[in-house]
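> Sequence lines, in order, name chains W and R.
For what it's worth, the working numbering labels the leading residue of the first sequence as 103, then goes sequentially.
For what it's worth, the working numbering labels the leading residue of the second sequence as 101, then goes sequentially.
We put the CB at the ideal spot given by N, CA and C, even for glycine.
As the structure is a computational prediction, the values presented were derived from the model and not from experiment.
One structure is given below, represented as structure tokens, and several questions about it will come after.
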Amino acid sequence: MKRQIALGVCLLVTALSIGSVLFSQGFPDWGRRKAADYYITEGMAETNAPSILGAIVWDFRAFDTLGEEIVLFTAAVGVFTVMVFGISEKGKKREKIGR
Amino acid sequence: MDLITRTSSRIVALVILFFGIYIILHGHLSPGGSFPGGVIIASALALTAVVFGIKKAEMFIGERTAHIVEGLVALALCIMVIFEFFIRKMLLPLGTQFQLFSAWEILTLNIVGGVMVSMALILIIYLMIRG
Chain W
103 MKRQIALGVC
113 LLVTALSIGS
123 VLFSQGFPDW
133 GRRKAADYYI
143 TEGMAETNAP
153 SILGAIVWDF
163 RAFDTLGEEI
173 VLFTAAVGVF
183 TVMVFGISEK
193 GKKREKIGR
Chain R
101 MDLITRTSSR
111 IVALVILFFG
121 IYIILHGHLS
131 PGGSFPGGVI
141 IASALALTAV
151 VFGIKKAEMF
161 IGERTAHIVE
171 GLVALALCIM
181 VIFEFFIRKM
191 LLPLGTQFQL
201 FSAWEILTLN
211 IVGGVMVSMA
221 LILIIYLMIR
231 G
């Protein structure tokens, strides 16, 4: 039952994201013209950062960057979970971590 | 490791470490930023751990310290990004352009993100080496 619910949620999210891209009116034009032009022309004056990359990544698109950082955090937590709470090849637990 | 690797990596690791710090601090002036800088710092620690053993690398940053710092910094990053609109309008000054300590919002976010990336990668490297 749990697996069916999880599968249903995954399919729903996939369908919604594909549909929202397919049926949205004027989305590519807005991204290509308005947003890109605004970043290039006004970005340096607004954030005072000469590198447009830093301005976009940490100012205009900060939530996307937060998502990227969360992905890295989740990767570290996942590796920690597999390595520490899993049982090693010889069947014994890992020794205690120091410092 | 043999003598040549130990002698050269004793110099090169420090250079890599300071290069990573430079990349992070100049994130708003030149290409780079928190992700490449954090990866470079983590690679310096990885070189130390591979050449001199993991005990020597843990004298700089231990595994438990990396855990605690990573969690705290991730929390701080979430709070800073969510309240970024208020932070950038009210708290942090813009400064003059083309100087190192200007655009304080992007500078602080770069430093916080770089610390988080380097801690996460150091943690993964330690766990992979320990097995």
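If you measure beta-carbon to beta-carbon, which residues of the region 146-171 of chain W are closer than 7 Å to chain R?
Taking 7 Å as the Cβ-Cβ cut-off against chain R, the residues of the region 146-171 of chain W that qualify are Thr149, Asn150, Ala151, Pro152, Ser153, Leu155, Gly156, Ala157, Val159, Trp160, Asp161, Ala164, Phe165, Leu168 and Glu171.
> Where do the ends of the alpha helix (DSSP H) carrying Leu118(W) lie?
Note, Leu118(W): alpha helix (DSSP H), Lys104 to Leu124.
> Given a cut-off of 8 Å, decide if Ile206(R) and Ala151(W) are closer than it, judged by their beta-carbon atoms.
Closer than 8 Å, so yes.
> Is there a C-beta anywhere in chain R that falls below 8 Å from the one on Phe182(W)?
Chain R contact via Cβ: present.
> Check whether chain W comes within 8 Å of Gly137(R), counting only Cβ atoms and requiring the distance to be less than that.
By this cut-off, Gly137(R) is not an interface position.
> Alpha carbon to alpha carbon, how far is Lys155(R) from Ile211(R)?
Going by the C-alpha atoms only, they are around 27 Å apart.
> Between Trp204(R) and the rest of its own chain, which residues show a CB-CB distance below 8 Å, the 5 nearest in sequence each way excluded?
Same-chain partners within the cutoff: Leu192, Pro193, Leu194 and Gly195.
> Can you give me, in chain order, the residues of the region 202-213 of chain R that have a beta carbon less than 8 Å from any beta carbon in chain W?
If the cut-off is 8 Å between Cβ atoms, the region 202-213 of chain R has Ser202, Ala203, Glu205, Ile206, Leu209, Asn210 and Gly213 near chain W.
> Compare the beta carbon distance of Gly133(R) and Gly127(R) with 8 Å and say whether it is the shorter of the two.
Their beta carbons are under 8 Å apart, which means Gly133(R) touches Gly127(R) by this criterion.
> Would you kindly check if the distance between the Cβ of Phe162(W) and the Cβ of Leu223(R) is under 8 Å?
Not closer than 8 Å, so no.
> Check whether the Cβ atoms of Ala144(R) and Ile225(R) lie closer than 8 Å to each other.
No, these two residues do not count as a Cβ contact at 8 Å.
> Please report the straight-line C-alpha distance between Leu118(W) and Val150(R), rounded to a whole angstrom.
Going by the C-alpha atoms only, they are around 47 Å apart.
> So, with DSSP's three-state summary, where would you put Met101(R)?
DSSP places Met101(R) in coil when its eight states are reduced to three.
> Using a Cβ-Cβ cut-off of 6 Å (strictly less than) and excluding sequence neighbours within five positions of Arg201(W), which residues of its own chain qualify?
At Arg201(W) the pLDDT is 49, less than 50, meaning the model places this residue with poor confidence; the figure from the coordinates comes in the next sentence. Excluding positions up to five away in sequence, the list is empty.
> So, does the CB of Ala137(W) fall closer than 8 Å to a CB anywhere in chain R?
No, no contact with chain R.
> Using a Cβ-Cβ distance cut-off of 8 Å, determine whether Phe187(W) contacts chain R.
It does not: the Cβ of Phe187(W) has no partner Cβ on chain R nearer than 8 Å.
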